[in-house]
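In our numbering, the protein residues as written are 404 to 647.
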Amino acid sequence: MSTLIPLSPSEHKHRFIDTRRAINDFRQAQVVRLRVPEVGNAGCCFPVLITKDPQFGEWDITALTSLEPESNLFVGDEGWQGVYTPLSIRTYPVRLTRADGPEGVSVAVRAEDLSDSGAGLYDDQGQPTDYLKAIENALHEDLSGAAATRAFCQHLNGLNLIQPISITVLYKDGKSRTLEGLYTLDQDRLSSLPDKDLLELQKRGYLMAMNSMLTSLFQLNRLIQRHKEHNSVNPIQKITLQRR
Numbered sequence: 404m405s406t407l408i409p410l411s412p413s414e415h416k417h418r419f420i421d422t423r424r425a426i427n428d429f430r431q432a433q434v435v436r437l438r439v440p441e442v443g444n445a446g447c448c449f450p451v452l453i454t455k456d457p458q459f460g461e462w463d464i465t466a467l468t469s470l471e472p473e474s475n476l477f478v479g480d481e482g483w484q485g486v487y488t489p490l491s492i493r494t495y496p497v498r499l500t501r502a503d504g505p506e507g508v509s510v511a512v513r514a515e516d517l518s519d520s521g522a523g524l525y526d527d528q529g530q531p532t533d534y535l536k537a538i539e540n541a542l543h544e545d546l547s548g549a550a551a552t553r554a555f556c557q558h559l560n561g562l563n564l565i566q567p568i569s570i571t572v573l574y575k576d577g578k579s580r581t582l583e584g585l586y587t588l589d590q591d592r593l594s595s596l597p598d599k600d601l602l603e604l605q606k607r608g609y610l611m612a613m614n615s616m617l618t619s620l621f622q623l624n625r626l627i628q629r630h631k632e633h634n635s636v637n638p639i640q641k642i643t644l645q646r647r
């Protein structure tokens, strides 16, 4: 992994971030990371699912952007084309890194992320530009959202509410593919929860996000339509979602 360089006005006053190039890095991202506070907005645009890190076993919330691997139907030549832009895309390629000082963190980028044109980082007085201020605010929002997401997923997993699914995609030419490694909420298990568990979910503010995740599955139809717009020769005929 490339070394992160902390941003400073003395070093980066005349450097920029090429935002179009940054968005292009997501062109092959079939899933995009979300935080639980984003689920309501994201669910109006994408299917919102749960994934599991195969190495560390940690749960995460993701937006499904395509029914094909290494494809993102929301990145085009003009940049991001989704109605909602996830935090992970809004903040990229700027990151938070540990630093000395009262906040304990600073913003940083990789050397290859810097450009001679694009969105400026500091103005002529060495003050952060509106672009960088917005990024910093979004990064702190993402940081707090990460903790909320871990707690959310751990609580749902403790109630056995996370259910694996597979999505089978059938094309016009008769061929098919199956998407694995995806999870959603177990509706049957949810409907049979004891009242005390439902009250705890409500108390934690989780029920609204859970409902948004379930209704977001209808956005699979949007992915079918967007795929047809990108591939009219061999469009998707239908999909089958199987809960396991």
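Backbone N, C-alpha and C fix where the C-beta goes; we use that ideal spot for every residue, glycine too. Computed from a predicted model, the values in this text were never measured in an experiment.
Taking the alpha-carbon positions, what's the residue i to residue j distance?
i           : j           : result
residue 411 : residue 541 : 18 Å
residue 533 : residue 416 : 14 Å
residue 485 : residue 468 : 10 Å
residue 491 : residue 435 : 7 Å
residue 526 : residue 419 : 11 Å
residue 634 : residue 429 : 19 Å
residue 536 : residue 494 : 11 Å
residue 488 : residue 557 : 25 Å
residue 452 : residue 627 : 17 Å
residue 509 : residue 577 : 52 Å
residue 605 : residue 555 : 12 Å
residue 585 : residue 445 : 17 Å
residue 595 : residue 560 : 15 Å
residue 615 : residue 645 : 19 Å
residue 620 : residue 480 : 27 Å
Identify whether residue i lies in helix, strand or coil by the three-state DSSP scheme.
i           : result
residue 488 : coil
residue 552 : helix
residue 583 : strand
residue 609 : coil
residue 541 : helix
residue 460 : coil
residue 592 : helix
residue 557 : helix
residue 562 : coil
residue 468 : coil
residue 412 : helix
residue 602 : helix
residue 497 : coil
residue 422 : helix
residue 511 : strand
residue 436 : strand
Please classify residue i: is it buried, with 16 or more other beta-carbons within 10 angstroms of its beta-carbon, or exposed?
i           : result
residue 441 : buried
residue 597 : exposed
residue 630 : buried
residue 611 : exposed
residue 736 : Because the chain in this structure spans residues 404 to 647, residue 736 falls outside the shown range and cannot be described.
residue 624 : exposed
residue 449 : buried
residue 563 : exposed
residue 550 : exposed
residue 608 : exposed
residue 618 : exposed
residue 475 : buried
residue 478 : buried
Grab me the residues of residue i's own chain with a C-beta within less than 6 Å of its C-beta, minus the 5 sequence neighbours each way, in chain order.
i           : result
residue 548 : 438, 440
residue 647 : 567
residue 518 : 419, 421
residue 538 : 494, 497
Can you list, in chain order, the residues of its chain with a C-beta nearer than 8 Å to that of residue i? Leave out the 5 residues immediately preceding and following it.
i           : result
residue 407 : 498, 500, 511, 512, 513
residue 593 : 564, 613
residue 465 : 434, 435, 436, 437, 451, 452, 453, 454
residue 581 : 569, 570, 571, 572
residue 413 : 529
Could you name the residues of the same chain whose beta carbon sits closer than 7 Å to that of residue i, not counting the 5 residues immediately before and after it, in chain order?
i           : result
residue 640 : 573, 574, 575
residue 472 : 433
residue 553 : none
residue 579 : 571, 572, 573
residue 583 : 569
residue 546 : 499
Any C-beta of chain C sitting closer than 8 Å to the C-beta of residue i?
i           : result
residue 488 : Considering every chain present, this structure includes no chain C. It has just one protein chain.
Is residue i near the ligand GTP, judged by its Cβ being under 7 Å from some heavy atom?
i           : result
residue 411 : Inclusion of the ligand GTP in the displayed structure is not the case, the ligand content being empty and no account of it being possible.
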